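First to last, the sequence lines map onto chains A and B. Quick note: the first sequence, position 115, residue 120 per the working numbering, numbers continuous. Quick note: the second sequence, position 148, residue 290 per the working numbering, numbers continuous. Note that CB positions come from ideal geometry on N, CA and C, so glycine has one too. Predicted model only: the values in this text are computed from it and were never measured.
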Amino acid sequence: MALKIVSNVGYNNLAVVLPQVKELNFDTADIWLDFNNQALELYTNNGRVTVNFNSYDELLNAIIAITRELAFRDVLNTLNRVIDDLTFYMEHPQLKITEDVKNDLLKKVEKAKERLFNSNYKAMIKMGQLPPKYIDSFIQSNVEVNKAVMDATKKYRELCWKTYEDGDPDYCDYALPLVDVIYYAIPEEKSIVIIVDVDQIGEVYRIIERYDTAYDFLKAVDEYSNKVIGFW
Amino acid sequence: MVFKLFSKVGYYELAPEIVSVKEKNFDTADVWIDIENKKVILHTNNGKLDVVFNNYDELLYAIANVSRGVLFNDMIGSLNQAIDDLLCYRSRDVLETGEDMITPLIDEIEKTKQKVLKGNFKVMIRLGRLAPEYSDKFINDNPEAKKAIEDAVEKYRVLCWQTYEDDDPDYCDKVVPTVGVVVYAIPEEKSIMLKVDVDEIGEVYRITERYDTADDFFKALKTYETMVIYYW
């Protein structure tokens with residue numbers, strides 16, 4: 006059991022998408038994937054609960070339902086909060102700006118909300134990042150990744166020269182950016198996305214591994230979870 | 143007759159714009175204007191303070207600068223709060239939606255901040271609504287405003303039929319929306335703007351009167367003192 010899917014999920018949020026918990030009595034739960042037992046483990050404020058599934062397809066569907074619901078609520082709450090900030094945060098509401106810049110922003114936030122409601126999104130679970138000791142061998146093992154990181158390093162050094170102010174004439178030519186390799190699971194696509202991210206430059210390469218069956222996907226998630234450092 | 147321009151303006155917002163305030167010891171002040179006596183009256187947490195100006199140009203300059211300073215702080219505060227909420231409010235960092243809806247919004251807010259920081263804006267002070275008798279007179283004396291309101295009433299009734307669920311067959315054909323005429327002062331333009339708002343429809347008409355001198359601007363503003371219902 007290696008992947009914690011989400012922390013601190015409220016009973017009400019969970020009961021909507023996971024009927025098995027309706028009869029239980031708890032406030033919040035951390036949810037872990039137990040691949041070997043085809044189950045989800047719930048660590049609640051009222052003890053540990055195992056929710057078993059009849060098949061890996063059912064288990065995957067439950068994970069999809071939970072993550073979609075929580076990602077949806079999270080983004081929606083954030084957008085609503087931003088609308089409140091832009092609308093009500095002013096201490097002096099009798100003062101206005103002649104060019105109504107906030108209205109344009111509010112329209113953009115409303116559009117983002119509409120896209121969210123139209124469900125044009127897939128929830129991604131950020132599983133963790135590769136430990137530093139494996140990053141070099143990961144980069145070296147893939148020619149394209151290696152090339153992308155080398156190109157990004159060049160850009161990083163150019164940026165370095167633009168801001169470097171000390172007297173070392175070689176400093177930026179030897180500077181090495183931090184490289185992260187981050188693993189995401191996308192349950193709805195039965196895929197795992199590996200993103201190579203270079204400090205100051207951003208994402209420079211992504212690998213998508215797709216799996217045909219729920220079993221294969223969840224097995225891969227379980228295996229990768231043991232390799233990465235989680236964000237918890 | 144005096145009227146209140148702003149409530150709870152901080153010492154640090156007032157002192158740079160109204161020099162004689164620098165010597166005083168207070169945290170916040172309500173700012174009133176006494177047009178007849180070319181005076182700004184500050185009701186502070188440390189007593190009342192009268193600031194008398196030599197002429198209307200000086201008075202106008204002070205009001206324009208204080209309102210710019212206050213609005214600037216308000217706008218930047220509101221935009222920063224929105225950015226903070228987009229960055230930090232999410233309770234589940236490990237869950238993401240495949241489409242990044244948050245980053246483009248942060249970029250837009252940053253662009254708006256840049257506009258505000260460049261200072262290419264003018265401040266409108268919302269004085270209040272015309273009292274009903276003056277509002278009626280304004281509408282009746284102004285055929286364009288009257289026409290705009292009639293069109294808005296039609297739209298309002300169409301909207302009414304879209305949501306009306308009771309069984310009065312004439313209800314929405316007779317319903318009349320609230321109409322308000324809001325008065326704004328724009329010190330930097332030496333202008334006074336009257337904006338007609340219709341409930342559910344929004345702004346339908348605006349008329350701006352510009353004045354050549356600070357004296358004329360304040361003289362005109364003074365005529366609204368008794369015509370307006372203030373928001374405080």
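Asked	Found
Proximity test, Cβ basis, 9 Å: residue 205 (chain A) and chain B	no
Separation of residue 313 (chain B) from residue 299 (chain B), as counted between CA atoms	9 Å
Integer Cβ distance of residue 318 (chain B) from residue 271 (chain B), believed to fall under 8 Å	The Cβ separation is near 17 Å, so there is no contact.
Cβ-based burial, residue 98 (chain A) [other Cβ within 10 Å; buried from 16]	exposed
Residues of its chain near residue 371 (chain B), where Cβ-Cβ distance is below 8 Å and the 5 sequence neighbours each way are ignored	270, 271, 272, 273
Same chain, Cβ closer than 8 Å to residue 211 (chain A), five either side skipped, listed in chain order	198, 199, 200, 201
Closer than 7 Å at the beta carbon, the chain A residues around residue 251 (chain B)	110
Where the beta strand (DSSP E) through residue 18 (chain A) begins and ends	Where residue 18 (chain A) is concerned, there is no enclosing beta strand (DSSP E), although the alpha helix (DSSP H) it sits in stretches over 16 to 22.
Three-way DSSP call (helix, strand, coil) for residue 40 (chain A) in this model	coil
Counted within 10 angstroms of its Cβ, other Cβ atoms place residue 119 (chain A) as buried (16 or more) or exposed	exposed
Beta-carbon gap between residue 31 (chain A) and residue 50 (chain A) smaller than 9 Å	yes
Residue 215 (chain A): contacting residues in chain B (beta-carbon distance under 9 Å)	Going along chain B, no residue has its Cβ under 9 Å from residue 215 (chain A), so there is no contact; the nearest lies around 14 Å.
Residues of the region 260 to 276 of chain B whose Cβ lies closer than 7 Å to any Cβ of chain A, in chain order	263, 264, 265, 266, 267, 268
Burial state of residue 246 (chain B), where buried means 16 or more other Cβ atoms lie within 10 Å	exposed
Residue-level contact to chain B via CB, residue 11 (chain A), 9 Å cutoff	yes
Residue 290 (chain B) versus residue 152 (chain B): straight-line alpha-carbon distance, rounded	41 Å
With 16 other Cβ atoms within 10 Å as the buried cut-off, status of residue 234 (chain A)	exposed
Residue 75 (chain A) versus residue 230 (chain B): straight-line alpha-carbon distance, rounded	16 Å
N- and C-terminal bounds of the beta strand (DSSP E) containing residue 149 (chain B)	145 to 152
Short CB-CB distance (under 9 Å) between residue 90 (chain A) and chain B	yes
N-terminal and C-terminal residue of the beta strand (DSSP E) that residue 202 (chain A) is part of	196 to 203
Test: residue 257 (chain B) CB closer than 9 Å to a CB of chain A	yes
Residue 205 (chain B), DSSP secondary structure in three states	helix
Whether residue 195 (chain B) touches residue 204 (chain B) by CB criterion (9 Å)	yes
6 Å Cβ shell around residue 297 (chain B) - same chain, five flanking residues per side excluded	343
Continuous beta strand (DSSP E) stretch holding residue 190 (chain A): start and end	184 to 191
Alpha-carbon spacing of residue 192 (chain A) relative to residue 68 (chain A), whole angstroms	7 Å
Residues that DSSP places opposite residue 325 (chain B) in a beta bridge	B:270, B:336
For residue 54 (chain A) and residue 36 (chain A), believed in contact at Cβ under 8 Å, the rounded distance	Incorrect: roughly 10 Å between the Cβ atoms, too far for contact.
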